[in-house]
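Asks: Protein chains in written order, with my numbering: chain A, 1 to 290; chain B, 1 to 303.
(1) Consider the Cβ of residue 19 of chain B: report whether some Cβ of chain A lies at a distance smaller than 7 Å.
(2) Buried or exposed: where does residue 5 of chain A fall if 16 or more other Cβ atoms within 10 Å of its Cβ makes it buried?
(3) Which bits of chain B does residue 255 of chain A rub up against, with CB to CB less than 9 Å?
(4) Does the beta carbon of residue 194 of chain A sit closer than 7 Å to a beta carbon anywhere in chain B?
(5) Can the beta-carbon of residue 134 of chain A be found closer than 7 Å to that of residue 264 of chain B?
(6) Please decide whether residue 162 of chain A counts as near chain B, where near means a Cβ-Cβ distance under 7 Å.
(7) At the 7 Å Cβ level, is residue 223 of chain A part of the contact set with chain B, yes or no?
(8) If you draw a straight line from the alpha carbon of residue 273 of chain A to that of residue 111 of chain B, how long is it in whole angstroms?
(9) Using the rule of at least 16 other Cβ atoms within 10 Å of the residue's Cβ for burial, across every protein chain shown, is residue 48 of chain B buried or exposed?
(10) Taking residue 85 of chain B as part of the alpha helix (DSSP H), name the residues at either end of that continuous run.
(11) Is it buried or exposed, residue 215 of chain A, if we count other Cβ atoms within 10 angstroms and call 16 or more buried?
(12) Can you give me the C-alpha to C-alpha distance between residue 264 of chain A and residue 171 of chain B, rounded to a whole angstrom?
(13) May I ask you to verify whether the region 249-262 of chain A touches the region 65-76 of chain A, counting CB pairs closer than 8 Å and requiring at least 3?
(14) Relative to the C-alpha of residue 54 of chain A, which candidate in A:45, A:69, A:177, A:42 has its C-alpha closest?
(15) Rounded to whole angstroms, how far is the Cβ of residue 80 of chain B from the Cβ of residue 193 of chain B, which I believe are closer than 8 Å?
(16) Name, in chain order, the residues that DSSP records as bridge partners for residue 50 of chain B.
(17) Closer than 8 Å by beta-carbon distance: list the chain B residues that pair up with residue 262 of chain A, in chain order.
(18) Output, in chain order, the set of chain A residues within a Cβ distance shorter than 7 Å of residue 274 of chain B.
(19) Flag this pair as touching only if the region 44-62 of chain B and the region 158-175 of chain A have three or more C-beta atom pairs under 8 Å; answer yes or no.
(20) Where are the alpha helix (DSSP H) runs, 4 residues long or more, that stay fully inside the region 185-251 of chain A, in chain order?
(21) Could you give the first and the last residue of the continuous alpha helix (DSSP H) run that contains residue 294 of chain A?
(22) Using a threshold of 7 Å, state whether the C-beta atoms of residue 50 of chain B and residue 64 of chain B are closer than that.
(23) Comparing C-alpha positions only, which one of A:200, A:37, A:92, A:63 sits nearest to residue 222 of chain A?
(24) Run the CB neighbour count on residue 154 of chain A, radius 10 Å, all protein chains shown included, and call it buried at 16 or more, exposed below.
(25) Around the Cβ of residue 152 of chain B, are there at least 16 other Cβ atoms within 10 angstroms (buried) or fewer (exposed)?
(26) Using a Cβ-Cβ cut-off of less than 8 Å, list which residues of the region 142-175 of chain B approach chain A; keep chain order.
(27) So which residues on chain A does residue 295 of chain B lean against when the C-beta distance must stay under 7 Å?
(28) Does the region 208-221 of chain B come into contact with the region 132-140 of chain B, if we say contact requires no fewer than three beta-carbon pairs (one atom in each stretch) closer than 8 Å?
(29) When the cut-off is 7 Å and only beta carbons count, does residue 227 of chain B lie next to chain D?
(30) Apart from the five residues just before and just after residue 137 of chain B, which ones in its own chain have a Cβ nearer than 7 Å to its Cβ?
(31) Roughly how far, in whole angstroms, is the beta-carbon of residue 27 of chain B from the beta-carbon of residue 103 of chain A, given that I think they are within contact range, below 8 Å?
(32) Contact check, residue 96 of chain B vs residue 17 of chain B under 8 Å by CB: the rounded distance?
(33) Under 9 Å, CB to CB, which of the residues in the region 23-45 of chain B have a partner in chain A?
(34) Give me, in chain order, the residues of the same chain whose beta-carbon lies closer than 7 Å to that of residue 163 of chain B; leave out the 5 immediate sequence neighbours on both sides.
(35) So, is the C-beta of residue 186 of chain B closer than 7 Å to a C-beta in chain A?
(36) Could you tell me the alpha carbon to alpha carbon distance between residue 262 of chain B and residue 37 of chain A, rounded to whole angstroms?
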């Protein structure tokens, strides 16, 4: 079951919008109103981020900005968001490809190599999907403390790799199973090493799964909060989600600044979402094929 | 030529047995996974049998005393447990039902269908912590959108300090979480709806089934698998909920919005009660297993 994306599906159910014009108009009006309400928090955020402090305190939350105060963004950037942004960016750009590569190696072994207890090894990895993160926090604190990686992005990198693996292995293995075994066997007969079978044949053929994982894992890494909050201390080490919460306490009344900071965090997600929506959704549903 | 064991027929790959190659491919993932998830799990369970402040060099073995303490004399544990139960119950119904409703709505012929789907899914790509921050702002007693809106339409009587009144704070947080959590069920149900053969629906329509009957007797039974996955994921995520509560209420007012996840954090990192904190984590794991066992079985089962 390869599942379709947001916008390229066939209608399986008869149209819900009525066939006569009046109900149909009412239907679209209702849907649009609900949609508007649904996305209102984002609009409020955008409006707030564009107001001057004066405009904000006089016009109320509701009103449109009188003039666009773009300076809120540069101010938020300069008073700290830049550091958080760069930490999150570097972490995401390094962690995600490394994590997907490691997961792909494991998934390859679990799919194409005849291993004793292969099913058990797979289940062993899948357990990580359901373990409450709280169950790992204290020992991880002790572990990182013992190797002096508390309050370090390197320590966090290691943890992010670990927590990303179960889902990545699930998705990669799910996809690799659709690759014909004959391709692998033929390459082996031609004298390819196992690694070159992986690198030159299976990995390129798994591109859809790899791309959706890169996006999905990228978004998760960008958004991660609990581990960052527990293991990062210094301001200069903070990632965006943690930095924003800190920002909230530090500038608790400068709402236009807070809104600008939050928007800066969201914008990369929106860009990725708009461009890769299809892959993202495919990957997510692909993991649930049964 | 029959290919039973290609490696036996030559090529460099034949130099090592297949399981050795497999072990090499699995090694990095295995090493990281064991240090980050498996070993800490076991260690946590072990630590829950001790009384320890996390700093002093000696721990005192107390058996199951930490669990007994939680059960008998930790008032906040019970608040947290009750809140988790409430949270889970609401989460299993509200975002799931909204996701299903939206999926049904957005599965038919519709102008700008992709746009609507993208829009309703959007909050799901934000982190729960940032959703929490956005909603904290909406709930602000004087400047927040909600109270201003109520004032604007003349319903001043309904204005509240949403996040500081004990009786409503948790529900206010749930709304923020539901905004974020509706996207996933919607997506999964949209995917599930694709697997229903159109002929079956057409046949039902020809036989004169109303829309409601078609849903009740055709669509809903055929979505059974999807519903199981949605409920399992929701259940597991509800138990470990942490960030949105931490960001919006910090467990307050007066611990009334503590959940197991936040209370575990406070006990461990603010009060240095390592034994009690890890005991809560074990309780969380135990509760998770109710759904986690059938769920992982399913994921592990091959067609």
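The beta carbon of each residue, even a glycine, is placed where N, CA and C say it ideally should be.
Replies: Walking through what the data contain:
(1) Residue mapping note: residue 19 of chain B aligns to position 19 of the second chain, counting from 1. Yes, residue 19 of chain B lies at the interface with chain A (some Cβ there is under 7 Å from its Cβ).
(2) Numbered from its first residue, the first chain carries residue 5 of chain A at position 5. Below a pLDDT of 50, predicted positions are generally treated as unreliable, and residue 5 of chain A, at 40, falls in that range; the measurement from the model is reported next regardless. Here residue 5 of chain A is buried: its Cβ has 16 or more other Cβ atoms, across all protein chains shown, within 10 Å.
(3) Against the first chain, residue 255 of chain A aligns to sequence position 255. The answer, in chain order, is 137, 140, 143.
(4) Numbered from its first residue, the first chain carries residue 194 of chain A at position 194. The beta carbon of residue 194 of chain A sits closer than 7 Å to some beta carbon of chain B.
(5) Along the first chain, one-based indexing puts residue 134 of chain A at 134. Along the second chain, one-based indexing puts residue 264 of chain B at 264. Result yes, Cβ atoms of residue 134 of chain A and residue 264 of chain B sit closer than 7 Å.
(6) Along the first chain, read from residue 1 onward, the residue named residue 162 of chain A stands at position 162. Output row for residue 162 of chain A: interface = yes.
(7) Within the first chain, numbered from 1, the residue matching residue 223 of chain A stands at position 223. Yes - at least one Cβ of chain B is within 7 Å of the one on residue 223 of chain A.
(8) In the first chain, the residue the question calls residue 273 of chain A occupies position 273. In the second chain, the residue the question calls residue 111 of chain B occupies position 111. Taking the straight line joining both Cα atoms gives about 21 Å.
(9) The residue given as residue 48 of chain B occupies position 48 in the second chain. When all chains shown are included, residue 48 of chain B counts as buried.
(10) Position 85 of the second chain, counted from the first residue, corresponds to residue 85 of chain B. First-last of the alpha helix (DSSP H) with residue 85 of chain B: 75-105.
(11) If you number the first chain from 1, residue 215 of chain A lands on position 215. For residue 215 of chain A, the number of other beta carbons within 10 angstroms of its own is at least 16, and it is reported as buried.
(12) By one-based count along the first chain, residue 264 of chain A stands at place 264. By one-based count along the second chain, residue 171 of chain B stands at place 171. Rounded to whole angstroms, the gap between the alpha carbons of residue 264 of chain A and residue 171 of chain B is 28 Å.
(13) Because the criterion of three Cβ pairs below 8 Å is met, the region 249-262 of chain A and the region 65-76 of chain A touch.
(14) Numbered from its first residue, the first chain carries residue 54 of chain A at position 54. The shortest Cα separation from residue 54 of chain A among A:45, A:69, A:177, A:42 belongs to A:69.
(15) Counting from one through the second chain, the residue named residue 80 of chain B turns up at place 80. Counting from one through the second chain, the residue named residue 193 of chain B turns up at place 193. Distance from residue 80 of chain B to residue 193 of chain B at the Cβ level is roughly 37 Å; contact not present, criterion being Cβ atoms closer than 8 Å.
(16) Here residue 50 of chain B refers to the residue found at position 50 when the second chain is read from its first residue. When DSSP reads this structure, residue 50 of chain B sits in a beta bridge with B:61.
(17) Here residue 262 of chain A refers to the residue found at position 262 when the first chain is read from its first residue. Ordered by position in chain B, the residues that pass the 8 Å Cβ test against residue 262 of chain A are 130, 133, 134.
(18) To locate residue 274 of chain B, count along the second chain from 1; it is residue 274. Those within 7 Å of residue 274 of chain B in chain A are 138.
(19) As far as the Cβ criterion goes, the region 44-62 of chain B does not touch the region 158-175 of chain A, which means the pair count is below three.
(20) Entirely contained in the region 185-251 of chain A, the alpha helix (DSSP H) runs reaching 4 residues are, in chain order, 207-223, 226-231, 240-250.
(21) This structure does not reach residue 294 of chain A, given that chain A is present from 1 up to 290, and the question cannot be answered.
(22) Here residue 50 of chain B is taken as the residue at index 50 of the second chain, counted from 1. Here residue 64 of chain B is taken as the residue at index 64 of the second chain, counted from 1. Using a Cβ distance threshold of 7 Å, residue 50 of chain B and residue 64 of chain B do not count as a contacting pair.
(23) Counting from one through the first chain, the residue named residue 222 of chain A turns up at place 222. Measuring from the Cα of residue 222 of chain A, the nearest candidate turns out to be A:92.
(24) Start at 1 with the first residue of the first chain, and residue 154 of chain A comes out as number 154. The residue in question, residue 154 of chain A, is exposed, as its Cβ has fewer than 16 Cβ neighbours within 10 Å.
(25) Locating residue 152 of chain B in the second chain gives position 152, where the first residue counts as 1. The residue is exposed, with fewer than 16 neighbouring Cβ atoms inside 10 Å.
(26) For the region 142-175 of chain B, which is checked against every Cβ of chain A, the residues closer than 8 Å are 143, 144, 145, 148, 149, 152.
(27) Residue 295 of chain B sits at position 295 when you count from the first residue of the second chain. Ordered by position in chain A, the residues that pass the 7 Å Cβ test against residue 295 of chain B are 130.
(28) At 8 Å Cβ cutoff, the stretches do not touch.
(29) Of the protein chains in this structure, namely A and B, none is chain D.
(30) Counting from one through the second chain, the residue named residue 137 of chain B turns up at place 137. Cβ within range, chain order: 144.
(31) Sequence index remark: in the second chain, residue 27 of chain B carries index 27 (1-based). Sequence index remark: in the first chain, residue 103 of chain A carries index 103 (1-based). At roughly 13 Å, the Cβ-Cβ gap does not stay under 8 Å, so residue 27 of chain B and residue 103 of chain A are not in contact.
(32) Numbered from its first residue, the second chain carries residue 96 of chain B at position 96. Numbered from its first residue, the second chain carries residue 17 of chain B at position 17. About 48 Å; that fails the 8 Å criterion.
(33) Contact residues of the region 23-45 of chain B toward chain A are 23, 24, 25, 26, 27, 28, 29, 30, 32, 33, 34, 35, 36, 37, 38, 39, 40, 41, 42, 43, 44, 45 (C-beta to C-beta distance below 9 Å).
(34) Counted from its first residue, the second chain places residue 163 of chain B at position 163. If we look at residue 163 of chain B and ignore the five residues flanking it on each side, its Cβ neighbours are 136, 139, 169, 172, 248, 249.
(35) Taking the second chain and counting its residues from 1, one reaches residue 186 of chain B at position 186. Not an interface residue.
(36) Within the second chain, numbered from 1, the residue matching residue 262 of chain B stands at position 262. Within the first chain, numbered from 1, the residue matching residue 37 of chain A stands at position 37. Here the alpha carbon of residue 262 of chain B sits roughly 30 Å from the alpha carbon of residue 37 of chain A.
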